[in-house]
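*Asks:*
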Amino acid sequence: MFWKKKSIVEEGDVVIIWLTREQVHPIVIERGKVFNNQFGSYAHSDMIGLPYGSQVPSSNGVGYLHILKPTPELWTKALPHRTQIVYTHDISYVQSKLRIQRGMTVLEAGTGSGNMTHALARAVGETGRVFSYEYHAKRYENALNEFKQNQILAPEGPVILSYQDVVTDGFEIKEKEVIVHAAFFDLPAPWKVIYKLIPHFSKERQSRICCFNPCIEQVQKTLKHLREFGFYDIELSEISHCEWIARKTELKDISEAADRIREVQANRKNKKRLNNENLQHTKRIKEGEEGRNWRDVGRMEKNIKNHTSYLTFATWLPLPENYQT
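Residue 1 is where the sequence shown starts when you use UniProt numbering, and the numbers rise one by one after that.
(1) Buried or exposed, going by whether 16 or more other CB atoms sit within 10 Å of the CB of glutamine 218?
(2) What does residue 330 pair with, by DSSP beta-bridge criteria?
(3) Taking the beta strand (DSSP E) that threonine 83 belongs to, which residues open and close that run?
(4) Buried or exposed: glutamate 10, going by 16 or more other Cβ atoms within 10 Å of its Cβ?
(5) In chain order, what residues of the same chain lie with their CB nearer than 6 Å to the CB of tyrosine 93, ignoring the 5 residues before and after it?
(6) If we ignore side chains and look at the alpha-carbon of each, how far apart do leucine 187 and asparagine 213 end up?
(7) When the cut-off is 7 Å and only beta carbons count, does serine 58 lie next to chain D?
(8) Report the CB separation of valine 81 from serine 113 in whole angstroms; it is logged as a contact under 8 Å.
(9) If you measure between the beta carbons of threonine 117 and arginine 208, is that distance less than 7 Å?
(10) When the Cα atoms are used, what is the spatial distance from valine 62 to leucine 223?
(11) Using three-state DSSP, classify serine 309 as helix, strand or coil.
(12) Just curious, the alpha helix (DSSP H) that glutamate 141 is in, first and last residue?
(13) Nearest by alpha-carbon distance to arginine 102: which of Ala121, Leu236, Ser162 and Ile160 is it?
(14) Measure the alpha-carbon distance for arginine 295 versus isoleucine 194 and round it to whole angstroms.
(15) Could you give the first and the last residue of the continuous beta strand (DSSP E) run that contains isoleucine 17?
(16) Using a threshold of 7 Å, state whether the C-beta atoms of leucine 74 and isoleucine 160 are closer than that.
(17) Less than 7 Å between C-beta atoms, sequence neighbours within five positions excluded: which residues of the same chain meet that for lysine 192?
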């Protein structure tokens, strides 16, 4: 679902409901069900058969929402948080630095809320593999159900999820011929498992690893052990991301502003009329509509995610056959 091409909403689909930038929800389309929120009620049956991206009006005609096809980026906005998540700007940088491509095998330690797993699944495609490990029983069960629902779990998708503590048990991969091309660690103590990963790396080509840690003390220990285990090209990064929102705003004179204030005050005095089916709605002005005085403006997003974590990257070169420790 997260990489398959699809244009029309069908019953059983997982879709993303976009209300505002801050209100994004995943739902499963089921005929007979209704999605309710402060903007109105929306019958699932009204969404079936619509193209993805459609605007859907509420039953009373007051509000509306957009129905979107799920992507890893939208899933990151909509998913229920079980742990600290990896945000999109970090995910994209990690995938580019690890040089993840279709058909590759990637190992993930620390499934957590699962949004990184969705992004890795799309990156490796149906011909690749993502081995993901989670030690927490409840998080494992939730992730397992979500991966099945979103059709990224094997055999439908490339993800193989294991309930396992890699610190004590290491990485058990049932497929004996599997060669790991890249690894992503979202663990409190990645230095305790780095050496357990080395036997799964390729004997013919270089492999890459990324450790995701929020604290600099964790980074220091990780760097020390990466050097001891023979990794090279070690790099530490921190991504600061700020989105600028571009839009048009209408320039009004004093008389128009005064009329708008009077309209708002009148609405406050008669709130009950919002529930009246015979309410005469004012015409919505579309952004950029001709015949009005518009100006292009921009502003920063309200909630800036500054420090999310430190990203430690390293490269492993295959050892020669006659190498002795």
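Glycine is no exception: its CB is placed at the ideal position from the N, C-alpha and C atoms. Treat the numbers as computed from the prediction; the structure is a model and nothing was measured.
*Replies:* Taking the coordinates as given:
(1) Numbered from 1 along the sequence shown, position 218 holds the residue referred to as residue 218. The residue in question, glutamine 218, is buried, as its Cβ has 16 or more Cβ neighbours within 10 Å.
(2) As displayed, the chain neither begins before 1 nor continues past 325, which places residue 330 out of reach and without an answer.
(3) Numbered from 1 along the sequence shown, position 83 holds the residue referred to as residue 83. Where threonine 83 is concerned, there is no enclosing beta strand (DSSP E), given that its DSSP letter is neither H nor E.
(4) Position 10 of the sequence shown, counted from the first residue, corresponds to residue 10. With fewer than 16 other Cβ atoms within 10 Å, it is exposed.
(5) Start at 1 with the first residue of the sequence shown, and residue 93 comes out as number 93. Excluding residues within five positions, the ones whose Cβ falls inside 6 Å are Ile239.
(6) The residue you call residue 187 lines up with position 187 of the sequence shown. The residue you call residue 213 lines up with position 213 of the sequence shown. Our two residues, leucine 187 and asparagine 213, have alpha carbons roughly 7 Å apart in a direct line.
(7) Going by chain labels, chain D is absent from the structure shown, which holds only one protein chain.
(8) Residue 81 sits at position 81 when you count from the first residue of the sequence shown. Residue 113 sits at position 113 when you count from the first residue of the sequence shown. Note that residue 81 corresponds to histidine in the displayed sequence, not to valine. Indeed they touch by this definition, with Cβ atoms about 6 Å apart.
(9) For this step, residue 117 is matched to residue 117 along the sequence shown. For this step, residue 208 is matched to residue 208 along the sequence shown. It is not a contact, given that the beta carbons lie outside the stated cut-off.
(10) Against the sequence shown, residue 62 aligns to sequence position 62. Against the sequence shown, residue 223 aligns to sequence position 223. Cα to Cα, valine 62 sits roughly 56 Å from leucine 223.
(11) For the purposes of this step, residue 309 is taken as residue 309 along the sequence shown, with counting starting at 1. Serine 309 falls in the coil class under three-state DSSP.
(12) Here residue 141 refers to the residue found at position 141 when the sequence shown is read from its first residue. Note, glutamate 141: alpha helix (DSSP H), 137-149.
(13) Locating residue 102 in the sequence shown gives position 102, where the first residue counts as 1. Ranking Ala121, Leu236, Ser162 and Ile160 by Cα distance to arginine 102 puts Ala121 first.
(14) Counted from its first residue, the sequence shown places residue 295 at position 295. Counted from its first residue, the sequence shown places residue 194 at position 194. Those two C-alpha atoms are separated by around 54 Å.
(15) For this step, residue 17 is matched to residue 17 along the sequence shown. Looking at the DSSP string, the run of the beta strand (DSSP E) that includes isoleucine 17 is 14-18.
(16) Here residue 74 refers to the residue found at position 74 of the sequence shown. Here residue 160 refers to the residue found at position 160 of the sequence shown. Contact: no.
(17) Walking along the sequence shown from the start, residue 192 turns up at place 192. Val167, listed in sequence order.
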